[in-house]
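To start, the structure under review is shown below, and the notes come after it.
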């Protein structure tokens with residue numbers, strides 16, 4: 342039986358350990374695709390020092406579970422692992438991990454991108470940028486909204 346493992350946490354994560362979790366007890370995988378999002382410098386504007394992420398406990402995890410199940414409805418998948426961090430995150434820290442197992446690479450790649458696109462649009466997270474000039478909450482980018490809409 343394949344599983345979804347969903348976690349919203351303040352602690353950092355080990356990419357290697359999470360990748361192993363995607364592989365666990367599943368000899369049907371021909372492909373494991375992972376994505377790790379990292380806090381990066383801003384491409385424009387004042388220098389980013391950190392990000393602060395908030396979520397709606399319970400609702401966020403449920404939303405991520407629903408996204409994983411939507412991916413399962415589209416592709417034949419093995420284990421799915423989604424970890425998203427909250428709290429203060431400094432430059433170069435991990436933010437999010439998406440791991441998907443499947444018998445075929447095309448399904449694994451598509452499902453990982455689908456999950457990330459839907460997460461950016463549908464999961465209740467709020468992001469504040471902490472820059473050298475102050476702090477401000479960040480609105481959703483139109484490109485992220487469009488990316489999820491492209492799957493419809």
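Residue numbers (the numbering used here): 342 to 493.
Each residue gets a CB set at the ideal place from its N, CA and C atoms; glycine is no exception.
- Scanning 419, 438 and 468 for the CA closest to the CA of residue 367 turns up 419.
- For residue 471, same chain residues with a beta-carbon under 8 Å away, outside a window of 5 residues either side, are 389, 390, 391, 392, 393 and 429 in chain order.
- Bridge partners of residue 422 according to DSSP: 346 and 440.
- Beta-bridge analysis with DSSP links residue 459 to no other residue.
- Look at the beta carbons and you see the region 354-364 touching the region 432-441: at least three pairs across the two are nearer than 8 Å.
- In its chain, beyond the 5 residues on either side, 345 have a beta carbon closer than 8 Å to the beta carbon of residue 410.
- By the Cβ neighbour-count rule, residue 426 is buried, with 16 or more other Cβ atoms within 10 Å of its own.
- At a Cβ-Cβ threshold of 8 Å, residue 485 and residue 468 do not count as neighbours.
- When DSSP reads this structure, residue 392 sits in a beta bridge with 430 and 470.
- Counting along the chain, no beta strand (DSSP E) covers residue 380, and no H or E run does either.
- If you compare the alpha carbons of 490, 466, 365 and 349 with that of residue 479, the shortest gap goes to 466.
- Inclusion of residue 422 and residue 363 in the CB contact set at 8 Å is warranted, their separation being smaller than that value.
- DSSP lists 443 as the bridge partner or partners of residue 372.
- Distance from the CA of residue 424 to the CA of residue 374, rounded to the nearest whole angstrom, comes to 14 Å.
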